[in-house]
Amino acid sequence: MSVLSLRDLRITYHTQAGGVPAVRGVDLDIERGEVVGLAGESGCGKSTIAAAVLRLLPPKTTIEGEITLSGENVLEMKAGKLRAVRWTGASIVFQGAMHALNPVKRVGDQIAEAITTHQQASPREALARVGSLLEQVGLPSRRIRDFPHELSGGQKQRVMIAMALACGPSLVIADEPTTALDVMVQAQVLALLKGLQRELGLAMLFITHDLSVLVEVSDRLAIMYAGKVVEEGPARTVFESPQHPYSRALADAFPSIGDARFRHKPSGLGGDPPDPQAIPSGCSFHPRCPVAFEPCPTVVPELYPAGQGRRAACLLVEGALADAQRGRG
Amino acid sequence: MSVPEAAPAPNGEAPVLEVRDLGVTFTGRVGLVAGLGGKKGNDARAIDGVSFRLERGEVLALAGESGCGKTTTARAIMGLLRPQRGEIRFEGRPIGRDLRTYRRRVQMVFQDPTGSLNPRQTIYEIIAEALRIHRITRGPNGESEEELVARALSRAGLRPPERFLLLYPHELSGGQRQRVVIAGALVLEPEVIVADEPVSNLDASVRGEILALLMKLRDEDRISVIVVTHDLGLAWTVADRVAVMYLGRIVEIGPAEEVLTRPLHPYTKALLDVVPEAEGIDRPILAGEPPDPTRIPPGCRFHPRCPELADGSAGAAGVAEACRERDLDLEELRQAHLAACHLAAVRVRDGARAVPEAARAPEAAPAEERDAGY
Numbered sequence: 066m067s068v069l070s071l072r073d074l075r076i077t078y079h080t081q082a083g084g085v086p087a088v089r090g091v092d093l094d095i096e097r098g099e100v101v102g103l104a105g106e107s108g109c110g111k112s113t114i115a116a117a118v119l120r121l122l123p124p125k126t127t128i129e130g131e132i133t134l135s136g137e138n139v140l141e142m143k144a145g146k147l148r149a150v151r152w153t154g155a156s157i158v159f160q161g162a163m164h165a166l167n168p169v170k171r172v173g174d175q176i177a178e179a180i181t182t183h184q185q186a187s188p189r190e191a192l193a194r195v196g197s198l199l200e201q202v203g204l205p206s207r208r209i210r211d212f213p214h215e216l217s218g219g220q221k222q223r224v225m226i227a228m229a230l231a232c233g234p235s236l237v238i239a240d241e242p243t244t245a246l247d248v249m250v251q252a253q254v255l256a257l258l259k260g261l262q263r264e265l266g267l268a269m270l271f272i273t274h275d276l277s278v279l280v281e282v283s284d285r286l287a288i289m290y291a292g293k294v295v296e297e298g299p300a301r302t303v304f305e306s307p308q309h310p311y312s313r314a315l316a317d318a319f320p321s322i323g324d325a326r327f328r329h330k331p332s333g334l335g336g337d338p339p340d341p342q343a344i345p346s347g348c349s350f351h352p353r354c355p356v357a358f359e360p361c362p363t364v365v366p367e368l369y370p371a372g373q374g375r376r377a378a379c380l381l382v383e384g385a386l387a388d389a390q391r392g393r394g
Numbered sequence: 132m133s134v135p136e137a138a139p140a141p142n143g144e145a146p147v148l149e150v151r152d153l154g155v156t157f158t159g160r161v162g163l164v165a166g167l168g169g170k171k172g173n174d175a176r177a178i179d180g181v182s183f184r185l186e187r188g189e190v191l192a193l194a195g196e197s198g199c200g201k202t203t204t205a206r207a208i209m210g211l212l213r214p215q216r217g218e219i220r221f222e223g224r225p226i227g228r229d230l231r232t233y234r235r236r237v238q239m240v241f242q243d244p245t246g247s248l249n250p251r252q253t254i255y256e257i258i259a260e261a262l263r264i265h266r267i268t269r270g271p272n273g274e275s276e277e278e279l280v281a282r283a284l285s286r287a288g289l290r291p292p293e294r295f296l297l298l299y300p301h302e303l304s305g306g307q308r309q310r311v312v313i314a315g316a317l318v319l320e321p322e323v324i325v326a327d328e329p330v331s332n333l334d335a336s337v338r339g340e341i342l343a344l345l346m347k348l349r350d351e352d353r354i355s356v357i358v359v360t361h362d363l364g365l366a367w368t369v370a371d372r373v374a375v376m377y378l379g380r381i382v383e384i385g386p387a388e389e390v391l392t393r394p395l396h397p398y399t400k401a402l403l404d405v406v407p408e409a410e411g412i413d414r415p416i417l418a419g420e421p422p423d424p425t426r427i428p429p430g431c432r433f434h435p436r437c438p439e440l441a442d443g444s445a446g447a448a449g450v451a452e453a454c455r456e457r458d459l460d461l462e463e464l465r466q467a468h469l470a471a472c473h474l475a476a477v478r479v480r481d482g483a484r485a486v487p488e489a490a491r492a493p494e495a496a497p498a499e500e501r502d503a504g505y
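These protein sequence lines are chains A and E, in that order. Using my numbering, the letters of the first sequence map in sequence onto residues 66 to 394. Using my numbering, the letters of the second sequence map in sequence onto residues 132 to 505.
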């Protein structure tokens, strides 16, 4: 049984200007001990998925499809059950550790609060657990009594990780956990997350726009564009030989040093990510696609098998066009 | 500190910009009571002896962790900070009294395009404001303000410019906003653009386009660019030369191919080691945070974190004591490639003795040889 499974997930925000489809039919499975990387630009729906798993979206948002955590449907849970699942079943390391901690409470108390809210533990027991959690994330346990401003950015992110692990979840969602951090500290935090994930056998959903970070920590990658997964497969294969032109553009945005292909030749896509309220017809990527051809504006591609365990939603994948036309006819 | 200089540019032109032994100190402050008690705050030496030259049509990347002084260097060059020490020369003359002319010819592009544009001005007003501040009413060939603004927008890739003139910043995407910022710089026909993390706030797929624009300005208009960045991959993509900064000093500078594929300084190597790559996560990572500029260590300022000193390599080469005690300047260890490292200097000298200078290939080595040879 998968730790997390999404089936045809569709999420629409409601604003004054009307419905905004942020996620438009996503299927995703994460097995025990597996790290799945979810990549894409801002507005592609990746953080919306993260929030939906723990039902943290605004109350008026429409969620269709199915989200199951270890076999239980999250969307049908009553409030009490939901509270029990949050943090014990799945937890989130949010982006921007700088702002996610309460500045007027000691970090130890903030982690303990996560424990006492979601599990039965006395404050004293909780605080004892916090000490060992801090050591697990590489901070001395005396830091329990520190306030957030006494910690550096990397240390705060370690506190956030300790908090995410506080109730022994089976799934950890890391939403841009290293974006605001410095290069060296980013590497430290990534190594810590990966180490903990291996040690505890955690399932992990790792979200960022930085494909080079994802390929390092993930077993599998899913690339999102305009609310849909456009390519998924084993992390290295997707990164090194992407089949979807958008994945290729993302991979090329993070060049490897020493590779003459990138020297003095920055490569980028023309145009901008689409407005979720006006998603282009057919393949939503076609207006920016360097290899778009005549059926692209009309045929909506599905994920087609693209070899080596990959699936890509592009009509240029071998056999895809025939498949799409058969589907329509 | 003496001023080590690379050989003059091959074309013999004078550098557009020259920075000599620049120092910026932020004064430490203490509370009133402690101050009356005679206590002094700790001064932070944000930059402490930075020297380099920027040639015409060259892209120089200033790289390093946050707090290494790269942004302070950029701000000092822009005249936004008054350095306590050192000199900045533009086209051979020290800048000083005539900041207005200088600022027109050296323009800055900031990190956050949204924050650098006034939300209540139209794109036209934003660009024209730069002209008005510099009291430019006509272009060199008698162009009107409208023509100058339109030309700057189209040079920055916003075409057709008429479409953008009356829009407000919030109506543009992130990439377009950064193009407006660049147009605001271009309208003054600068010689030098200082770009502080020009793409770090942009979406991945848009970055390439902005970088391509910078490359175009370098190639077609021979504008020199200083790119401040923490991203060595970006430096590899755009820079002709790379300067790596640590705790307020340049510790290594040279051609990008050299510095990024055959680094001399252990800090540069450490920075390259943490560039995420498919090869995996089990690579050496420097422990700790960048040190505090109010307490600069004696000797080589990198020595407390230096892996070569920690693992005994420096000791074996007999320089461990120098690392801990003797501060050092940049030294040209390979052609046009300077580094400030006792160990690298010894290794290069030993290597030079073993292999005659002429036998070594002056060209950049491919990436696989990165750690192999000196």
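Cβ atoms here follow ideal geometry from the backbone N, Cα and C, with glycine treated the same way.
- For K293 of chain A, the uninterrupted beta strand (DSSP E) segment begins and ends at 293 to 299.
- For H329 of chain A, the C-beta contacts it makes with chain E under 8 Å involve M346, T368, V369, in order along the chain.
- Exclusion of the five residues before and after A291 of chain A leaves P339, I344, S349 as the residues of its chain whose Cβ lies within less than 6 Å of its Cβ.
- The Cβ-Cβ distance between L134 of chain A and A155 of chain A falls below 8 Å.
- Ranked by how close their Cα comes to the Cα of V237 of chain A, the residues A:M66, A:K221, A:R263 have A:R263 in first place.
- For R301 of chain A, the closest of E:L363, E:A261, E:P407, E:E351 by C-alpha to C-alpha distance is E:P407.
- For the stretch 369 to 385 of chain E, residues whose beta-carbon sits nearer than 8 Å to a beta-carbon of chain A comprise V369.
- Comparing C-alpha distances from L122 of chain A to each of A:Q81, A:I76, A:G84 shows the shortest one belongs to A:I76.
- Using a C-beta cut-off of 8 Å, the stretch 456 to 474 of chain E makes no contact with the stretch 196 to 209 of chain E, since fewer than three inter-stretch Cβ pairs fall below that distance.
- When C-beta distances to chain E are compared with 9 Å, the residues of the stretch 267 to 283 of chain A below that value are H274, D275, L276, S277, V278, L279, V280, E281, V282, in chain order.
- Interface annotation for the stretch 328 to 351 of chain A against chain E: R328, H329, K330, P331, S332, G333, L334, G335, G336, D337, P338, criterion Cβ-Cβ distance under 9 Å.
- Annotation: Cβ neighbours of H361 of chain E in chain A (cutoff 8 Å, chain order): D247, V248.
- Taken in chain order, the unbroken stretches of alpha helix (DSSP H) that lie wholly in the stretch 323 to 386 of chain E and span 4 residues or more are 335 to 352, 363 to 369.
- Around E106 of chain A, the beta-carbon contacts reaching into chain E at under 9 Å are D334, A335, S336, V337.
- Secondary structure within the stretch 208 to 294 of chain A: the beta strand (DSSP E) runs of 3 or more consecutive residues, fully enclosed, are 236 to 240, 268 to 273, 285 to 290 (chain order).
- Between G217 of chain E and R151 of chain E, the C-beta gap is smaller than 8 Å, which places the two residues in contact.
- Closer than 8 Å to the CB of S197 of chain E there is at least one CB belonging to chain A.
- The continuous beta strand (DSSP E) containing A192 of chain E extends over residues 190 to 194.
- Annotated three-state conformation of Q175 of chain A is helix, per DSSP.
- In the three-state DSSP reduction, F221 of chain E falls in the strand class (E or B).
- With a 10 Å radius around the Cβ and a threshold of 16 neighbouring Cβ atoms, D362 of chain E comes out buried.
- With 16 or more other Cβ atoms inside 10 Å of its own Cβ, R375 of chain A counts as buried.
- For the 8 Å CB-CB criterion, L469 of chain E and I357 of chain E do not form a contact.
- The beta carbon of S304 of chain E falls within 8 Å of a beta carbon belonging to chain A, placing the residue at that interface.
- By the CB criterion at 8 Å, P244 of chain E and G305 of chain E fall inside the cutoff.
- In the three-state reduction of the DSSP assignment, G288 of chain E falls in the coil class, being assigned neither a helical nor a strand state.
- When secondary structure is reduced to three states using DSSP, S197 of chain A falls in the helix class.
- In the three-state reduction of the DSSP assignment, H329 of chain A falls in the coil class, being assigned neither a helical nor a strand state.
- Per DSSP, reduced to three states, the secondary structure at P320 of chain A is coil, with no helix or strand assignment.
- The stretch 98 to 160 of chain A is shown to contain whole beta strand (DSSP E) runs of 3 or more residues at 100 to 104, 127 to 134, 155 to 158, in chain order.
- By the neighbour-count definition (other C-beta atoms within 10 Å, threshold 16), E141 of chain A is an exposed residue.
- Note on M269 of chain A: 16 or more other CB atoms within 10 angstroms of its CB, so buried under the neighbour-count rule.
- Under the Cβ criterion (8 Å, minimum of three pairs), the stretch 83 to 101 of chain A counts as touching the stretch 267 to 284 of chain A.
- When secondary structure is reduced to three states using DSSP, T158 of chain E falls in the coil class, being assigned neither helix nor strand.
- Between M228 of chain A and the set A:G260, A:T244, A:V158, the nearest pair of CA atoms involves A:V158.
- In the three-state reduction of the DSSP assignment, S182 of chain E falls in the strand class.
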